[in-house]
């Protein structure tokens, strides 16, 4: 079972590849793909799509895991994040990858045990659950790893 | 100038191909692409993407026109419509097509002269602006034609 996990965004797309081997989660790859604010949205979406296709080709995952987005207001940002999700779901579906989606609450519970966890708690717990090489990581990358951990913990 | 216009939706995707020739708008093609409610969302998105790729290949448009979506509440439907928009924008961008986006209000003004127009007014006006073969059409198809008319009227 190998999962390509995303924390969807158009400025920063967190990505992680995780695998379950002998009941243990292993992190194979993680990154934060960034796009320039100088580019228009379609170009940024196209760059993120190219990076996603590259990841699918390089890592041959069995499935894709994504965080669900909830709109709390009529924000342009929330809509553009949903548009990134649409591109990711489309690419996963055209590559016959199963799509697993989790609410932010489900991710928090899977990683910290509590739905009230904040970003600091996630950042503290993720390295305790999977081996991560040293070095500072952006929240988006850690969130993608957390989504991947949630997926491997819940899929049978 | 040839435009591929969409009224984005995942149950029904309205599509229209329009061209401006000697200052006159001509409708070359329009349809309402439907997906089965029995399919999961990723499969529906994948089917709509395949239909979009077919339209791009068949009609070689210079640009794509889309209606903007506004979220008035935290609805699953609104998010899924944004996800369809993301897939459409991604496919347009990867085919180097310019993307034109219009608010529902801009479309109403372009087609009926008033931002307060309802669906009936749109349905009455669209056949007065472009030649449409007889037969009943779904709102989604008429809306896609209206978006295409708006685009041809505003792009120089």
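Protein chains in written order, with this note's numbering: chain P, 42 to 197; chain S, 42 to 197. Glycine is no exception: its CB is placed at the ideal position from the N, C-alpha and C atoms. Just so we're clear, the structure is a prediction, and the values are computed from it rather than from any experiment.
Not a single C-beta of chain P is nearer than 9 angstroms to the C-beta of residue 195(S). Under the Cβ criterion of 9 angstroms, residue 125(S) is counted among the residues facing chain P. Three or more beta-carbon pairs separated by less than 8 angstroms link the stretch 139-149 of chain S to the stretch 101-111 of chain S, which places the two stretches in contact. By alpha-carbon distance to residue 42(S), the top candidate from 59(S), 50(S), 53(S), 162(S) is 59(S). Around the beta-carbon of residue 141(S), 16 or more other beta-carbon atoms lie within 10 Å, marking it buried.
Looking from the CA of residue 120(P), the closest CA among 75(P), 167(P), 49(P), 88(P) belongs to 49(P). With the rule of 3 Cβ pairs closer than 8 angstroms, the stretch 124-134 of chain S counts as touching the stretch 123-139 of chain P. Within its own chain, the residues whose Cβ lies closer than 6 angstroms to the Cβ of residue 97(P), once the five positions on either side in sequence are excluded, are 136, listed in chain order.
Among the bridge pairs identified by DSSP, residue 75(S) is matched with 53(S). For residue 97(S), the uninterrupted alpha helix (DSSP H) segment begins and ends at 82-100. Distance from residue 55(S) to residue 73(S) at the Cβ level is roughly 5 angstroms; contact confirmed, criterion being Cβ atoms closer than 8 angstroms. Residues of the stretch 132-160 of chain P that bring their beta carbon within less than 7 angstroms of a beta carbon in chain S comprise 133, 134, 135, 140, in sequence order.
Residues of chain S with a Cβ closer than 8 angstroms to the Cβ of residue 87(P) are, in chain order, 131, 134, 135. Rounded to the nearest whole angstrom, the C-alpha separation of residue 163(P) and residue 185(P) is 11 angstroms. Apart from the 5 residues on each side of it in sequence, residue 187(P) sits with its Cβ closer than 6 angstroms to the Cβ of 148, 152, 163, 167 in its chain, given in chain order. Around residue 78(P), the same chain offers 52 as residues with beta carbons nearer than 8 angstroms, after the five sequence neighbours per side are excluded.
When 143(P), 81(P), 45(P), 93(P) are compared, the shortest CA-CA separation from residue 104(P) is found for 45(P). Taking 8 angstroms as the upper bound for CB-CB distance, residue 68(S) and residue 173(S) are in contact here, some 6 angstroms apart.
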